[in-house]
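Residue numbers (our numbering): 388 to 573.
For reference, the structure is listed below as structure tokens.
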Amino acid sequence: MKIAVFVSGGGTNLQNIIDAVEDGTLPNVEISMVMADRDCYAIERSLDKDIRTYVLDRKTFSEDAEHNLEEEEIDLIVLAGFLTILSSEFTEKWGSKMINIHPSLLPRFGGKGMYGAKVHKAVLESGDKESGASVHYVTAGVDEGQIICQESFAIEESDEVADLQRKVAEVESKIFIEAIKQISEA
């Protein structure tokens with residue numbers, strides 16, 4: 388299964404996928420390309436592994452990405468910490484072949500503007516007793532696609548935003564690989 392990974396940040400989830408491919412956890416997966424919507428550390432991770440890498444303008448990302456995807460027979464697009472909202476035409480075309488990871492237990496704390504520390508702050512302010520992460524299919528509605536898998540953890544009274552970020556990262560590293568493996572074996 389050939390995948391394209393879309394990134395915007397440090398590339399921790401990208402690195403987890405690279406590691407899972409290299410250690411045989413994802414034996415049927417090849418990372419064909421990485422596309423970034425800004426200059427970010429994920430680009431270095433990609434180039435270090437000689438993965439074809441593109442940096443695209445956020446304003447025209449969907450159209451430019453479509454052009455690059457046409458060159459490959461991509462089976463799955465993986466949004467790994469990707470922040471640009473894709474066009475509805477793009478999501479309609481690729482939605483059943485595109486997944487995203489979100490740092491909350493969707494449908495709670497999802498939607499436009501809910502990413503990173505903003506999510507964790509909202510979770511703590513809500514008084515919820517648990518949080519976690521979700522992997523879902525991408526639709527035109529932000530964070531509204533069918534959930535593939537989720538994992539939760541208890542929130543301690545002393546937890547702060549940084550604690551939730553660390554705990555969510557641990558959960559994400561497991562469930563993202565699980566979801567890709569599940570799809571690659573289907």
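Cβ coordinates follow ideal geometry from the N, Cα and C atoms, glycine included.
### Which listed residue (L470, W481, H489, I535) has its alpha carbon closest to that of Q552
Ranking the options by Cα distance to Q552, first place goes to H489.
### Query
In whole angstroms, what separates the C-alpha of G519 from that of S560?
Rounded to the nearest angstrom, the gap between the Cα atoms of G519 and S560 is 12 angstroms.
### Task
Kindly indicate the opening and closing residues of the alpha helix (DSSP H) around N403.
Counting along the chain, N403 sits inside the alpha helix (DSSP H) bounded by residues 399–409.
### Query
What's the C-alpha gap between V558 and V392?
Approximately 19 angstroms between the Cα atoms of the pair.
### Task
Determine the contact status of G398 and Y441, defining contact as a CB-CB distance below 8 angstroms.
Going by C-beta atoms, G398 is not nearer than 8 angstroms to Y441.
### Task
Compare the Cα-Cα distances from V548 to each of Q533, S491, D530 and report the closest residue.
If we check each option's Cα against that of V548, S491 comes out closest.
### Message
Closest to G498 by C-alpha separation, out of H507, V529, I405, would be which residue?
### Response
Cα-wise, what sits closest to G498 is V529.
### Query
Of the choices Y502, A527, S449, whose alpha-carbon is the least far from that of G482?
G482 has its Cα closest to that of A527, out of Y502, A527, S449.
#### Entry: Residues bridged to C536 (per DSSP)
According to DSSP, which records beta bridges pairwise, C536 is partnered with V522.
### Query
Would you report the Cα separation of E512 and K505, rounded to the nearest angstrom?
Whole-angstrom Cα-Cα distance: 11 angstroms.
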